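Protein sequences, first through last, are from chains A and B.
In terms of the numbering used here, the first sequence opens at residue 562 and continues consecutively.
In terms of the numbering used here, the second sequence opens at residue 562 and continues consecutively.
Contents: one structure, followed by commentary.
There are 2 protein chains.
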Amino acid sequence: MKGVSIKDIAKQAGVSPTTVSFVLNGKAKEKRISDQVSKKILKLASKLKYKPNQLARGLRTGKTKTIGLIVEDIANHFFANVAKIVEEEADKFGYKVLYGSTEDDLTKAKGLLEVLEYRQVDGYIITPTPNLDKEIESLKNARKPMVLMDRYLPQIPTNYVMVNNFQGAFDAAEYLLNLGYGKIALVTTTSEQIQMKERLNGFTAAMKAHNASFPRKMLKKIPFTATKEEALEQIKSFIKGIPDLDAIFFSTNYLGIYGIESIKELGLKIGEDVAVISFDDHDLFRLHTPGITCVAQPINDIARNLIQVLMGELNGNVSQINQVILPATLLKRESCGKATLAR
Amino acid sequence: MKGVSIKDIAKQAGVSPTTVSFVLNGKAKEKRISDQVSKKILKLASKLKYKPNQLARGLRTGKTKTIGLIVEDIANHFFANVAKIVEEEADKFGYKVLYGSTEDDLTKAKGLLEVLEYRQVDGYIITPTPNLDKEIESLKNARKPMVLMDRYLPQIPTNYVMVNNFQGAFDAAEYLLNLGYGKIALVTTTSEQIQMKERLNGFTAAMKAHNASFPRKMLKKIPFTATKEEALEQIKSFIKGIPDLDAIFFSTNYLGIYGIESIKELGLKIGEDVAVISFDDHDLFRLHTPGITCVAQPINDIARNLIQVLMGELNGNVSQINQVILPATLLKRESCGKATLAR
DNA sequence: GTCGTTTGCTAAATCGATTAAGCTTTAGCA
DNA sequence: TGCTAAAGCTTAATCGATTTAGCAAACGAC
């Protein structure tokens with residue numbers, strides 16, 4: 562029942578636990594343990610299927626080999642996929658992952674951080690909620706290894722890994738403009754978070770660069786507190802309110818999904834009556850008829866960079882701040898009808 | 562930097578660490594600690610923001626307050642949603658969750674179990690891969706709290722929580738038959754796992770119950786090792802091979818997705834040329850035009866039951882085996898055209 | 001006044017590993 | 001032979017909590 566401990570090995574090998582520890586930690590040479598003894602110990606360890614007790618080790622060394630992953634919603638396509646790669650990559654370094662979803666709620670995020678702290682995770686991958694500044698700041702001051710993802714807090718210089726939101730939105734808008742669309746609307750959220758701002762900025766910058774007009778009435782912000790029904794209603798009446806609308810850019814994947822549903826309910830045809838682009842990819846966008854053009858995030862790259870940066874910190878390379886911004890890819894499908902027709 | 566320990570509190574309160582431990586564990590009365598001292602300790606603890614070191618506690622008590630969650634693929638809609646609720650529910654009991662994806666691969670599953678074991682998780686929620694019997698058996702013999710999900714191993718009586726696969730498939734087939742469809746095909750995987758068998762059994766039982774014919778050529782098994790491209794090819798040529806086909810039941814959500822894509826590529830119209838039902842719901846099915854009728858799993862219920870059963874075991878109620886089978890719901894949408902037209 | 005009981009608390013062992021410090025024994029060299 | 005150095009281990013402290021066993025003082029009963 563009980564596991565095999567270092568003592569058991571020591572007893573059977575006729576040496577002290579210290580010696581066993583040295584050998585099993587690869588310090589045999591350094592600690593001048595004879596090859597004879599080393600081999601005997603290694604043989605015994607594998608024979609007895611010795612598994613070091615991580616708790617004991619952690620208690621002594623202060624390292625749990627665990628990282629905390631805080632996402633907005635683990636059930637969301639983007640975060641779930643990141644979580645998957647993060648787990649795989651962390652595993653390569655001998656780390657396990659504890660996760661939690663904030664629902665973008667400050668209180669939940671604080672709660673998660675507290676739990677992770679007293680679980681003594683070695684490092685953090687955090688999708689910050691609004692107003693999480695104080696907590697992030699104090700983690701930073703405590704020099705805890707940490708990387709932010711998906712967004713960052715402009716006031717606090719920290720490591721982060723994100724997609725290039727500005728460029729992604731810029732490319733999307735430019736693509737629509739080049740296809741000849743003139744009345745392009747942007748549907749985004751009221752969230753003041755940086756990733757949303759940058760998508761808005763990228764979009765407007767493209768419009769400006771092409772001397773296209775983007776009056777205030779072409780911008781719709783849906784409160785992030787809105788229920789699905791409310792969001793659908795708002796999107797529908799927004800669309801109805803702009804008769805000459807010919808294209809819509811949705812700034813997130815869930816808004817894109819709501820958008821598709823809204824457009825469908827209005828009896829309009831995507832790609833014919835109105836062009837659609839959404840930020841973030843989704844199975845739905847790929848398989849929808851017509852396929853929905855989108856700005857895809859490089860999920861694998863994001864996850865791998867997160868771990869790479871975090872491992873750097875965990876190994877003590879805390880020298881400089883790592884801010885990784887990865888390119889977004891415009892996946893052209895059929896939802897911008899003129900696109901395929903015109904070309 | 563260092564955390565506040567029980568010793569710090571003891572020193573400041575002028576008592577021994579033992580006393581502090583008793584008070585903080587709610588054993589003040591039982592251990593006859595005076596109210597005076599109790600209060601002083603509690604006050605100090607909250608003033609110093611004492612957080613018990615879980616490692617130390619775990620080392621001593623053998624409990625980590627951590628559960629291991631092994632899913633097939635955390636990025637999959639079903640598992641991601643279960644993972645989310647599992648985390649929330651576990652949190653209510655003070656447990657955190659370590660997760661990992663097997664990709665239905667035996668070696669990965671073994672690796673995960675090994676890691677979780679030596680991380681000393683208190684309990685396991687496992688989606689077993691094929692041939693994981695030996696490992697499950699040995700966990701069971703070690704009397705480790707454990708619940709299986711999504712499927713179980715018929716040879717080993719264990720706790721599990723699953724949807725009623727038989728009933729779900731039966732209902733789907735019956736629904737199609739009642740709508741007047743006669744040539745109904747079943748597309749499933751070559752997987753021999755119980756949940757797949759039961760879906761097949763449910764389907765054939767319904768056909769038999771209604772005296773409908775279900776010749777071997779109406780059954781297509783796609784190897785689960787097939788790439789997406791291979792799967793699409795196979796589904797397409799299967800459909801082409803049965804000219805009078807009028808309905809298809811896909812036994813999993815990813816086959817349903819492939820199915821939609823295949824049908825689309827063949828230039829057929831879902832709900833008009835061919836009716837479609839898939840096991841498992843998905844955003845895509847809901848938002849697709851036409852909406853895809855499906856057999857939905859009660860995800861929240863599944864997750865809550867998993868935790869409930871596991872907590873029962875963790876609290877020592879290991880008396881009897883809990884096998885929870887939850888009803889599947891047929892979500893009727895437009896993909897079975899005659900359905901909406903006929904009614 | 002003595003004995004037994006209760007009250008209120010503490011000492012010390014323990015969980016299993018890591019690690020600084022140190023203790024033998026053998027070797028090397030003059 | 002005697003002295004230093006290196007080789008090869010071990011002792012014991014430590015991480016922070018839990019928990020068993022038990023001590024000292026106060027109290028009560030006779």
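Beta carbons are placed, not taken as given, at the ideal position from N, Cα and C, and that holds for glycine.
Since we're looking at a predicted model, the values are computed, not measured.
My output table needs one value for residue i: the three-state DSSP class, helix, strand or coil.
{"i": "A:V682", "result": "coil"}
{"i": "B:S699", "result": "helix"}
{"i": "B:S582", "result": "helix"}
{"i": "A:V576", "result": "coil"}
{"i": "B:G863", "result": "Correcting the residue identity first, residue 863 of chain B is Ile in this sequence and not Gly. Residue state, collapsed to three classes: helix."}
{"i": "B:L845", "result": "helix"}
{"i": "A:F654", "result": "coil"}
{"i": "A:Q884", "result": "strand"}
{"i": "B:F811", "result": "strand"}
{"i": "A:L902", "result": "Here the model assigns A:L902 a pLDDT of 42, short of 50, so the residue's position is not dependable and the matter cannot be decided."}
{"i": "A:I687", "result": "strand"}
{"i": "A:I831", "result": "strand"}
{"i": "A:G873", "result": "helix"}
{"i": "B:L737", "result": "helix"}
{"i": "A:D732", "result": "helix"}
{"i": "B:T765", "result": "helix"}
{"i": "B:Q597", "result": "helix"}
{"i": "B:G619", "result": "helix"}
{"i": "B:V647", "result": "helix"}
{"i": "B:C897", "result": "coil"}
{"i": "A:H771", "result": "coil"}
{"i": "B:K789", "result": "helix"}
{"i": "B:V795", "result": "According to the sequence displayed, residue 795 of chain B carries Gln and not Val. It is helical."}
{"i": "B:E759", "result": "helix"}
{"i": "A:N637", "result": "coil"}
{"i": "B:A670", "result": "helix"}
{"i": "A:L693", "result": "coil"}
Any C-beta of chain A sitting closer than 8 Å to the C-beta of residue i?
{"i": "B:L875", "result": "no"}
{"i": "B:K797", "result": "no"}
{"i": "B:T688", "result": "no"}
{"i": "B:L848", "result": "yes"}
{"i": "B:R894", "result": "no"}
Does residue i get closer than 8 Å to chain B when you measure Cβ to Cβ?
{"i": "A:D665", "result": "no"}
{"i": "A:E633", "result": "no"}
{"i": "A:K695", "result": "no"}
{"i": "A:G661", "result": "yes"}
{"i": "A:V966", "result": "Missing from the structure shown is residue 966 of chain A; chain A here goes from 562 to 904 and no further."}
{"i": "A:T625", "result": "yes"}
{"i": "A:D569", "result": "no"}
So what does residue i bridge to, in DSSP terms?
{"i": "A:V552", "result": "For residue 552 of chain A there is no data in the structure shown, the boundaries of chain A being 562 and 904."}
{"i": "B:C855", "result": "B:S839, B:L892"}
{"i": "A:M710", "result": "A:V722"}
{"i": "B:T749", "result": "B:K782"}
{"i": "A:T627", "result": "A:K657"}
Say yes only if the C-beta of residue i is nearer than 7 Å to one or more non-hydrogen atoms of the ligand NAD, and no if none qualify.
{"i": "B:A836", "result": "As far as ligands go, the structure on display features none, and thus does not contain the ligand NAD."}
Looking at chain B, which residues of the region 605 to 623 of chain A have a Cβ within less than 8 Å of any of its Cβ atoms? K612, P613, N614, Q615, L616, A617, G619, L620
Give the residues from the region 807 to 838 of chain A that approach chain B closer than 9 Å (Cβ to any Cβ), ordered along the chain. I818, I821, E822, K825
To be precise: take each residue of the region 582 to 606 of chain A, compare its Cβ to all Cβ atoms of chain B, and keep it if any distance is under 7 Å. Which residues remain? Close to chain B, meaning a Cβ-Cβ distance shorter than 7 Å, is no residue of the region 582 to 606 of chain A at all.
Examine the Cβ distances between the region 719 to 735 of chain A and the region 792 to 799 of chain A and report whether three or more of them are shorter than 8 Å. no
Chain B contacts made by the region 843 to 870 of chain A, where a contact means CB separation under 8 Å: H843, D844, L845, L848, H849, T850
In the region 636 to 650 of chain B, which residues sit with their C-beta less than 7 Å from some C-beta in chain A, listed in chain order? A636, A641, N642, A644, K645, E648
May I ask you to list, following chain order, the residues of the region 675 to 687 of chain A that have a beta carbon less than 9 Å from some beta carbon of chain B? E675, V676, L677, E678, Y679, R680, Q681
Any chance the region 718 to 727 of chain B sits against the region 876 to 894 of chain B, with 3 or more Cβ pairs inside 8 Å? The region 718 to 727 of chain B is in contact with the region 876 to 894 of chain B.
Is it true that the region 588 to 607 of chain A meets the region 589 to 598 of chain B, where meeting means three or more beta-carbon pairs spaced less than 8 Å apart? no
Report yes or no: do three or more beta-carbon pairs, one from the region 748 to 758 of chain A and one from the region 572 to 584 of chain B, lie closer than 8 Å? no
Across the region 576 to 583 of chain B and the region 761 to 776 of chain A, are there enough close Cβ pairs to call them in contact, namely three or more that are closer than 8 Å? no
Looking at C-beta atoms only, is the number of pairs between the region 640 to 660 of chain B and the region 853 to 870 of chain B that lie closer than 8 Å three or more? Flag = yes, the region 640 to 660 of chain B and the region 853 to 870 of chain B touch.
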